[in-house]
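*Asks:* I have a structure here, written as structure tokens, and I will follow up with some questions on it.
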Amino acid sequence: MNNTSQTIRVGLFFLLGLALAWITFESLNGGRLFKKPGYTLVAGFANLKGLKTGDEIRMAGVKVGAVELTRLAGSRVEALLSIEPGVKIPTDAVASVEQSSLLGSNYLGITFGTPGGALLKDQDEIKTKVTVDMSEVISQLGALGSKLEQVADGVSKALGGGESGSSSLFGKLDKLVTENGPKLTETLNNLQDVTAKLKAGEGTMGKLINDSKLHDELLASVGEIKQAAADARTFMGDAKLIVADVKSGKGTLGLLLYDEPTASSLKVSLNNLREVSNKLNSGQGTLGKLISDDSLYLSVQSTMKKADRMIDGLGDQGPITAVGVAAQSLF
Amino acid sequence: MNHLTTIVGHIGGTLLLLVRSIKFIGTLPRQRARFIEQCYLIGYTSLPIVTILSFFIGSVLALQSGYSMENFGAKQFIGTLVGLTMARELGPVMVAILIAGRVGSAITAELASMKVYQEIDALTTMNIPPERMLVLPRLAAIVVMMPVLAIIANLCGWYGGALVCEYTHSISVDSESYFTALKEFMKPHDVTDGLIKAEVFGFVIVLVCSYIGLNTRGGPREIGASVTKAVVTSLILILVLDYFVTKALLMS
Amino acid sequence: MSTSSTFTASPFVGKTFGITVAKLNKKFGRTTVLRDIDLEVKPGEIFCIMGPSGSGKTVLLKHIAGLETATSGEVRIGEYDAADPETRNKVHLALVFQAGALFNSLSVYDNLALYPREHRECNEAGIRERVMHALAILSLEKSANKFPSDLSGGMKKRVAIARALVMEPQMLLYDEPTSELDPVMSATLTEIIATLREQTAVTSVVVTHDRDLAFNIADRMAFVMDGRIRGIGKPADFKNPTDPVIANFLNPVIDLKNPRFKQLENSHE
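Residue numbers (the working numbering), protein chains in the order written: chain A, -2 to 328; chain B, 26 to 277; chain C, 86 to 354.
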């Protein structure tokens, strides 16, 4: 082996190695084999969240440098940012640790700041902001969940599911309805009476329903009913407002439901009502007999069925559908 | 003498050899010819086998990881896996194993035969320390050549993996996304860590093989025994050191 | 062949050294190789160490060369400890190994040139002059570019001596210089050793079992048997040795009727 050619080969081989090393480092993360000229900024954080030496620095997603060093500095952590030359970062740009993927690769993001403003120089400190990382998001999701649970709890309580049902809105309504049961029964009773008469074609209303000739006239009046439905919509809007008022304790009904003295007086009157209903239950007086009599229930049932059928009949005519649509759009 | 003291003695002897060799570092410039000859023998002549072996290591790595990563849909990370494994682990270790087998054995055989045929004694009486003439140029050559071989091994492994990814039907990750994945999670220090490892391995191999060669006693038969001992010791040291060097590099 | 007539030693002017071996003991493991060796080699003399194979004479020579360290006792070259590596910076000491110990990876020329090159004693032209001169002494000019593996045993020995000469030694140690050499080359070598001593006043220690060599050149001689000094004196003292062991070594009677190996059991002292 000729000595000169050996020397040349070794030299070439070594140069090849150097070139390959340079290419490798250059293509990996912009090559920090030789420190690039540029400038260094200091960024202070409360938590670096795993940002480490060599991680990228991106300005609006474009790589502008790399983290040169991370260190503890008293009660905070500092990252030295090596910024490529020619990259202008205004003083009001804000740096934050960002996550490039769920798998936990971090980079340091820098915002644009005000274009044309004063620029940061070597060794200046850049403003930073705290960002959430995945673990924080997850823990906050957990907190959110528990809050939702509380809300749902409250709602269910308000709906009367809670033990203190009497104090909630629906509890109170419920009470009102149950305690006024006898009165309702009476109303239904009357209704049965009325419908019976209607069926039999007695009275004006009865004639109206049973007489097929009147059908056309009824159709004509549907238009008006439609108008009435529109009115009903506005009315429902108002009603909503009223409900809101009621909730916040405004107005009579509000006072009735939420105001303590009113509620207690309501209670007194309800007590009286209960006394009356007790009397009714024991069959005292005319009304009492009416209620305790079984046959009454049966007749009420048949009345209800008839009313059903009548409403079905009306449903075909349209206006009910209109009301349904109105109701749907409202709720 | 029991085994423990023998081993401690060998460790001490090896370190002493190192110190004696380093002492002559100033003579390196005028041993340039010997240094270049060793560079040639250690580095240049190892190039083909390093290239071929690391290329196929990278290919197999890609093939195997492609097969297993497909199961949980992480095929796009093959580049990362092959890149990091080659750079941090397999590149340096494979080159070291090759060097132990190819260069370490040759060093031990040469020095052992010199010892057995009294050439070492002749050098000593001529007041030419064997450490200076025989060990130092080899140590210097491996220090210079090992990173070169390691970086070539890395690149060959990466390209081997890329080729397999692109042309294997069941993987078919095109080389562009392969290299994107490779670059995405790799930092320059991953490569430097690998080079440092290769450097450490190469240095230890040459030192240990030189020591074992120079401490051969007896006749020609002992030369073979010494070569076996040197290669086995080198391989054990590579893998043991691998653990500790990796640990040290990961902590730093 | 009159190589010795062409020989003119380099004008080496330097101190010559004597050798003092005092109470030297050497053990390899449990085997004792040398026991209580005491001898003195005066500066400038040719001292022959004779003895049968395996008697420890080569080990003794290695102690003088500083290749072995004594188990006890000491070897001094002049005022320096032979075992101290520093001694070799102060004394030019050359050892001619029995098998030559040439560097197989180097050509004959490079083998000879190694010493002056390593020690940067002169420029390449000066080295060439010295090397070619030494090669000429041993009529090896034609072999300058050969490699040791191409040489016969005798050639290797001559190259080894040439290599020793290039070192311009103050002390020359020969380990069996004439073994494997033909009678003419043996005679040449004997002349070379004697001439070298005359011209450079180099101290020579010759380990040999070649009677002719020893009696022709030795100023004094020692007999090493079984690791001990059996006798020391001038060659004349051993012309008619009184010690039967030495007599038997120097003038072994070949008795085919009553072979030695059969006497061994009886004559073992």
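Think of the CB as a built atom: it goes at the ideal place given N, C-alpha and C, for glycine as much as any other residue. Here the structure is a predicted model, which is why all the values come from computation and not from measurement.
What does the alpha-carbon distance come out to for the pair Q101/B and K222/B?
*Replies:* If you number the second sequence from 1, residue 101/B lands on position 76. If you number the second sequence from 1, residue 222/B lands on position 197. Looking at the two C-alpha atoms, the distance is approximately 28 Å.
*Asks:* Assuming V126/C and V290/C make a contact with CB atoms under 8 Å, what is their CB distance in whole Å?
*Replies:* Position 41 of the third sequence, counted from the first residue, corresponds to residue 126/C. Position 205 of the third sequence, counted from the first residue, corresponds to residue 290/C. About 6 Å; that satisfies the 8 Å criterion.
*Asks:* When DSSP labels each residue in this structure, what does V198/B get in the three-state scheme?
*Replies:* For this step, residue 198/B is matched to residue 173 along the second sequence. V198/B falls in the coil class under three-state DSSP.
*Asks:* Are H177/C and V160/C closer than 8 Å when you measure CB to CB?
*Replies:* Position 92 of the third sequence, counted from the start, is the residue given in the question as residue 177/C. Position 75 of the third sequence, counted from the start, is the residue given in the question as residue 160/C. Not in contact: H177/C and V160/C (Cβ atoms no closer than 8 Å).
*Asks:* Of all the residues that make up the stretch 190 to 213 of chain C, which are near chain B by a beta-carbon distance shorter than 8 Å?
*Replies:* Here the close residues are S190, L199, Y200, E203, H204, R205.
*Asks:* Specify the secondary structure class of L260/B as computed by DSSP and reduced to three states.
*Replies:* Counting from 1 along the second sequence, the entry for residue 260/B is found at position 235. Helix at L260/B.
*Asks:* Is the CB of I167/B under 8 Å away from at least one CB in chain C?
*Replies:* If you number the second sequence from 1, residue 167/B lands on position 142. It does not: the Cβ of I167/B has no partner Cβ on chain C nearer than 8 Å.
*Asks:* Among the residues of its own chain, which have a CB less than 8 Å from the CB of R163/B, if the five just before and after it don't count?
*Replies:* For the purposes of this step, residue 163/B is identified with residue 138 of the second sequence, where counting begins at 1. So the list reads Q63, I67, I132, V231, S235, once near-sequence residues are dropped.
*Asks:* Please state whether the Cβ-Cβ distance between V233/B and T39/B is less than 8 Å.
*Replies:* Walking along the second sequence from the start, residue 233/B turns up at place 208. Walking along the second sequence from the start, residue 39/B turns up at place 14. Yes. Within cutoff.
*Asks:* Do you know how far the Cα of A206/B is from the Cα of D119/A?
*Replies:* Within the first sequence, residue 119/A is the residue found at index 122, counting from 1. Within the second sequence, residue 206/B is the residue found at index 181, counting from 1. C-alpha separation (whole angstroms): 33 Å.
*Asks:* Quick check: what's the CA-CA separation for R29/A versus E122/A?
*Replies:* Walking along the first sequence from the start, residue 29/A turns up at place 32. Walking along the first sequence from the start, residue 122/A turns up at place 125. Since pLDDT at R29/A reaches only 47, below the 50 mark, its modelled position is unreliable, and the value read off the structure follows with that caveat. Approximately 22 Å between the Cα atoms of the pair.
*Asks:* Kindly indicate if chain A contains any beta-carbon less than 8 Å away from that of Y92/B.
*Replies:* Counting from one through the second sequence, the residue named residue 92/B turns up at place 67. No, because no Cβ of chain A sits closer than 8 Å to the Cβ of Y92/B.
*Asks:* Report yes if the C-beta distance between S93/A and T50/A is below 8 Å; otherwise report no.
*Replies:* Counting from one through the first sequence, the residue named residue 93/A turns up at place 96. Counting from one through the first sequence, the residue named residue 50/A turns up at place 53. No.
*Asks:* Between which two residues does the beta strand (DSSP E) containing I153/B stretch?
*Replies:* Residue numbering aside, residue 153/B sits at position 128 when the second sequence is read from its first letter. Element bounds for I153/B: n/a, residue is neither H nor E.
*Asks:* Answer yes or no: does any C-beta atom of chain B fall closer than 8 Å to that of M252/C?
*Replies:* As a working mapping, residue 252/C is identified with position 167 in the third sequence. Yes - at least one Cβ of chain B is within 8 Å of the one on M252/C.
*Asks:* Against M158/B, what residues of chain C qualify as contacts under a CB-to-CB distance less than 9 Å, listed in chain order?
*Replies:* Against the second sequence, residue 158/B aligns to sequence position 133. Near M158/B (Cβ distances below 9 Å), the residues of chain C are L199, E203.
*Asks:* Indicate the three-state DSSP secondary structure (helix, strand or coil) for S271/C in the structure shown.
*Replies:* Residue mapping note: residue 271/C aligns to position 186 of the third sequence, counting from 1. S271/C: helix per DSSP, three-state reduction.
*Asks:* Counting contacts by CB-CB distance shorter than 8 Å, is Q3/A in contact with chain B?
*Replies:* Residue mapping note: residue 3/A aligns to position 6 of the first sequence, counting from 1. Chain B contact via Cβ: present.
*Asks:* For a contact meaning CB atoms closer than 8 Å, what does F182/C contact in chain B?
*Replies:* In the third sequence, counting from the first residue as 1, residue 182/C sits at position 97. Under the 8 Å cutoff, chain B gives Q143, D146, A147.
*Asks:* Run through chain A and tell me which residues come within less than 9 Å of N179/B, C-beta to C-beta.
*Replies:* What you label residue 179/B is simply residue 154 of the second sequence in a count that begins at 1. Chain A residues near N179/B: L17, T21.
*Asks:* Is the beta carbon of I103/B closer than 8 Å to that of K121/B?
*Replies:* Taking the second sequence and counting its residues from 1, the one referred to as residue 121/B is at position 96. Taking the second sequence and counting its residues from 1, the one referred to as residue 103/B is at position 78. Checking the sequence, you will find Ala at residue 121/B rather than Lys. It is not a contact, given that the beta carbons lie outside the stated cut-off.
*Asks:* Given a cut-off of 8 Å, decide if D304/C and E130/C are closer than it, judged by their beta-carbon atoms.
*Replies:* Within the third sequence, residue 130/C is the residue found at index 45, counting from 1. Within the third sequence, residue 304/C is the residue found at index 219, counting from 1. Going by C-beta atoms, E130/C is nearer than 8 Å to D304/C.
*Asks:* Determine which residues share a DSSP beta bridge with G316/C and list them.
*Replies:* On the third sequence, position 231 is the one that residue 316/C refers to. Answer by DSSP bridge pairing, in chain order: F308/C.
*Asks:* Entirely within the stretch 89 to 155 of chain B and at least 4 residues each: give me those alpha helix (DSSP H) ranges in chain order.
*Replies:* As far as the stretch 89 to 155 of chain B is concerned, its whole alpha helix (DSSP H) runs of at least 4 residues are 103 to 109, 116 to 124, 130 to 141, 144 to 150.
*Asks:* What separation, rounded to the nearest whole angstrom, lies between the Cα atoms of G220/A and T231/A?
*Replies:* The residue labelled residue 220/A in the question sits at position 223 within the first sequence. The residue labelled residue 231/A in the question sits at position 234 within the first sequence. Their backbone Cα atoms lie some 17 Å apart in a straight line.
*Asks:* To the nearest angstrom, how far is the alpha carbon of M63/C from that of G239/C?
*Replies:* Any question about residue 63/C goes unanswered here, given that chain C covers just 86 to 354.
*Asks:* Nearer than 7 Å: is that true of the beta carbon of L72/B relative to any heavy atom of the ligand HEM?
*Replies:* The ligand HEM is absent from the structure shown, which contains no ligand whatsoever.
*Asks:* Quick one: any contact between the stretch 245 to 256 of chain B and the stretch 151 to 165 of chain B, if contact means 3 or more CB pairs under 8 Å?
*Replies:* Too few Cβ pairs lie closer than 8 Å, so no.
*Asks:* Are A90/A and G58/A touching if we call contact CB-CB under 8 Å?
*Replies:* If you number the first sequence from 1, residue 90/A lands on position 93. If you number the first sequence from 1, residue 58/A lands on position 61. Contact: no.
*Asks:* Between which two residues does the alpha helix (DSSP H) holding G239/C run?
*Replies:* Position 154 of the third sequence, counting from 1, holds the residue named residue 239/C. G239/C -> alpha helix (DSSP H) spans 238 to 251.
*Asks:* With the cut-off set at 8 Å, would you say V128/B and S71/B are in Cβ contact?
*Replies:* Walking along the second sequence from the start, residue 128/B turns up at place 103. Walking along the second sequence from the start, residue 71/B turns up at place 46. Yes, the pair counts as a contact, with Cβ atoms nearer than the cut-off.
*Asks:* In or out: V265/A buried (at least 16 other Cβ within 10 Å) or exposed?
*Replies:* Indexing the first sequence from 1 puts residue 265/A at position 268. By the neighbour-count rule (16 or more Cβ atoms within 10 Å), V265/A is not buried but exposed.
*Asks:* Determine contact between the stretch 168 to 188 of chain B and the stretch 110 to 117 of chain B, defined as no fewer than three beta-carbon pairs at a distance below 8 Å.
*Replies:* Contact holds: three or more Cβ-Cβ distances are below 8 Å.
*Asks:* Below 8 Å between beta carbons is the criterion; list the residues of the stretch 51 to 71 of chain B that meet it against any residue of chain A, in chain order.
*Replies:* Correct list: A58, I61, E62, C64, Y65, G68, Y69.
*Asks:* Among residues of its own chain, excluding the 5 on either side of A125/B, which ones have a beta-carbon nearer than 7 Å to its beta-carbon?
*Replies:* If you number the second sequence from 1, residue 125/B lands on position 100. I230, V256, S259, L260, I263.
*Asks:* Can you give the beta carbon distance from V61/A to E75/A, rounded, assuming they're within the 8 Å contact cut?
*Replies:* Counted from its first residue, the first sequence places residue 61/A at position 64. Counted from its first residue, the first sequence places residue 75/A at position 78. The Cβ separation is near 19 Å, so there is no contact.
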